[in-house]
Amino acid sequence: MHFSIPILKSAIFTSTTLHTIIAIVAALALVIEGFISVEVRPTIKNLNILITNLPPEFHGFSIVLVTDIHTGASVGKGKVAEVVKVVNSLDPDIITVVGDLTDGYKGYIGDRAKPLKDLKSRYGNFGTLGNHEYFYENIDNWVKFYKEDLNLTMLINDGVILERNGKQLCLAGLDDFYTEDAKFDGHKMNVTKALQSCPKNISTIILEHQPKGAAKILEELPKIGYHADLILSGHTHGGQMYAVYPMVRLANKYLYGHYIYKETNTQIYVSSGVNYWGPPVKMMASMCEIVYIRILSDLVVK
Ligand SMILES: *[C@@H]1O[C@H](CO)[C@@H](O)[C@H](O)[C@H]1NC(C)=O
Ligand SMILES: *[C@@H]1O[C@H](CO)[C@@H](O)[C@H](O)[C@H]1NC(C)=O
Ligand SMILES: *[C@@H]1O[C@H](CO)[C@@H](O)[C@H](O)[C@H]1NC(C)=O
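Its first residue numbered 1, the sequence shown is counted upward by one per residue in UniProt numbering.
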């Protein structure tokens with residue numbers, strides 16, 4: 001077999017008009033693809049996470065991770081209801097809604113988020129705050145709404161112990177990383193507080209909206225003598241758009257996907273979120289994701 005690559009005798013883009021047309025067509029195609037990406041049904045991403053010393057009673061325990069719903073100007077009730085339908089079809093043990101549920105004032109968009117009250121799971125529906133909850137409404141109004149109207153158990157520097165056949169798993173959630181710098185009364189990311197109701201020797205999963213917050217938690221855990229097996233985050237939208245991707249990439253050590261922090265044997269999963277921020281555009285349809293996680297015990301899987 002012999003291949004030869006044709007060598008061009010002259011430049012292709014000799015016409016500036018042709019050059020411009022190609023650029024415009026390519027840009028339009030990417031934007032149209034971006035619009036379509038956020039209109040299709042969310043992709044279900046399956047993830048098996050092997051946890052060291054996870055009690056065999058929790059082997060196969062399922063967690064749905066849904067982040068960045070961004071209920072607001074362009075994300076209405078129908079789109080939220082569709083997310084709920086997909087999540088419920090997965091029949092999970094727990095549901096974790098990890099920040100940026102809403103993006104606006106409660107009076108305007110609260111009603112659009114209402115379908116989230118229909119989320120169904122066996123062991124509970126849990127929520128944490130993201131930065132966008134802080135942008136418009138008094139944060140405590142949103143917290144009250146999430147608890148009372150959506151029946152979410154809010155984990156804001158708080159932890160719960162889940163029990164299955166007599167064995168325990170700790171699920172803790174932190175206030176958003178945004179509270180590190182911004183001043184809001186009664187709101188400050190605090191890992192000690194989040195974990196104080198969990199025994200130190202049980203498997204622990206932490207919810208923190210921003211992966212930068214996750215990185216901070218990883219630094220702090222050894223100092224306070226705690227360990228986390230898994231941290232679930234969102235926020236980055238995987239970069240969301242070609243135009244901003246390079247900046248988001250540089251700003252985030254953990255951008256999108258599954259990471260392992262070897263020093264403490266902690267796994268991190270950063271979801272690209274189910275929706276988008278700002279213009280209804282995402283790079284690929286697969287980046288509108290709902291994550292179905294099964295945690296597996298190394299005591300069972302040898
Ligand atoms: C609210 O959630 C709890 C569990 O977290 C459940 O027991 C209760 O039935 C739910 N209430 C409604 C009205 O769905
Ligand atoms: C974090 O919470 C712990 C326990 O509630 C408290 O003692 C500590 O002062 C808090 N840290 C900050 C920075 O607020
Ligand atoms: C954790 O430590 C407590 C107190 O020492 C002990 O009773 C319990 O069995 C331990 N649990 C696990 C899972 O090792």
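Idealized CB from N, CA, C, for every residue including glycine.
* **CA-to-CA distance, H19 to K106, given in whole angstroms** => Counting from one through the sequence shown, the residue named residue 106 turns up at place 106. Counting from one through the sequence shown, the residue named residue 19 turns up at place 19. C-alpha separation (whole angstroms): 48 Å.
* Asked: Just to check, is the beta-carbon of T179 closer than 6 Å to a non-hydrogen atom of ligand 2?
  -> One-based indexing of the sequence shown puts residue 179 at position 179. Not so, every heavy atom of ligand 2 lies at least 6 Å from the Cβ.
* Run through DSSP, which three-state label would M1 get? -> On the sequence shown, position 1 is the one that residue 1 refers to. In this prediction, M1 has a pLDDT of 49, which is less than 50 and means its spatial position is unreliable; nothing more can be read from the coordinates.
* **Beta-carbon contacts of L299 that lie in its chain and below 6 Å, excluding the five residues immediately before and after** => By one-based count along the sequence shown, residue 299 stands at place 299. Around L299: P56.
* To do: Would you check whether ligand 1 has a heavy atom nearer than 6 Å to the C-beta of G124?
  => On the sequence shown, residue 124 is found 124 positions in, with the first residue counted as 1. For ligand 1, at least one heavy atom lies less than 6 Å from the Cβ of G124.
* For Y261, which residues from the same chain have a beta carbon less than 7 Å from its beta carbon, with the 5 sequence-adjacent residues on both sides left out? -> To locate residue 261, count along the sequence shown from 1; it is residue 261. Within the same chain, and ignoring the five residues on either side of Y261 in sequence, the residues whose Cβ sits closer than 7 Å to its Cβ are L218 and I268.
* Asked: So, helix, strand or coil for F184, using DSSP?
  -> Taking the first residue of the sequence shown as position 1, residue 184 is located at position 184. Of the three classes helix, strand and coil, the one that applies to F184 here is strand, per DSSP.
* **Unbroken alpha helix (DSSP H) run spanning K45, endpoints** => Position 45 of the sequence shown, counted from the first residue, corresponds to residue 45. Counting along the chain, K45 sits inside no alpha helix (DSSP H); it lies in the beta strand (DSSP E) bounded by residues T43 to I51.
* Let me know if I226 comes out buried or exposed under the rule of 16 or more other beta-carbons within 10 Å of its beta-carbon. => As a position in the sequence shown, residue 226 is number 226, starting the count at 1. This sequence places Tyr at residue 226; Ile is not what is there. The residue in question, Y226, is buried, as its Cβ has 16 or more Cβ neighbours within 10 Å.
* Indicate whether at least one CB of chain C lies closer than 7 Å to the CB of H187. => Within the model displayed, chain C is absent; a lone protein chain is all it includes.
* Asked: Would you report the Cα separation of L174 and M189, rounded to the nearest angstrom?
  -> Here residue 174 refers to the residue found at position 174 of the sequence shown. Here residue 189 refers to the residue found at position 189 of the sequence shown. For L174 and M189, the distance between alpha carbons rounds to 6 Å.
* N165 beta carbon near ligand 3 (any heavy atom closer than 6 Å) -> Counting from 1 along the sequence shown, the entry for residue 165 is found at position 165. The nearest non-hydrogen atom of ligand 3 is 6 Å or more from the C-beta of N165.
* Where I139 sits in the DSSP three-state scheme -> By one-based count along the sequence shown, residue 139 stands at place 139. I139: helix per DSSP, three-state reduction.
* Is the beta carbon of G127 sitting closer than 7 Å to the one on V97? -> To locate residue 127, count along the sequence shown from 1; it is residue 127. To locate residue 97, count along the sequence shown from 1; it is residue 97. Inclusion of G127 and V97 in the CB contact set at 7 Å is warranted, their separation being smaller than that value.
* With burial defined as no fewer than 16 other Cβ atoms inside 10 Å of the residue's Cβ, what is the status of Y108: buried or exposed? -> If you number the sequence shown from 1, residue 108 lands on position 108. By the 10 Å Cβ count, Y108 comes out exposed.
* For S272, the nearest candidate out of Y259, H235 and N265 (CA to CA) -> Taking the sequence shown and counting its residues from 1, one reaches residue 272 at position 272. Checking every option, the nearest Cα to that of S272 belongs to H235.
* To do: Would you check if the distance between the CB atom of G130 and the CB atom of D100 is smaller than 7 Å?
  => Locating residue 130 in the sequence shown gives position 130, counting from the first residue. Locating residue 100 in the sequence shown gives position 100, counting from the first residue. The answer is yes: Cβ separation under 7 Å.
* **Secondary structure of D158, DSSP reduced to three states** => Indexing the sequence shown from 1 puts residue 158 at position 158. If DSSP states are grouped into helix, strand and coil, D158 belongs with the strands.
* Residue from P115, H70 and D103 whose Cα sits closest to the Cα of V86 -> Stepping through the sequence shown from its first residue, residue 86 is reached at position 86. Restricting attention to P115, H70 and D103, the CA atom closest to the CA of V86 is found in P115.
* Asked: Any heavy atom of ligand 2 within a distance shorter than 6 Å of the CB on K117?
  -> Residue numbering aside, residue 117 sits at position 117 when the sequence shown is read from its first letter. Result no, Cβ not under 6 Å from ligand 2.
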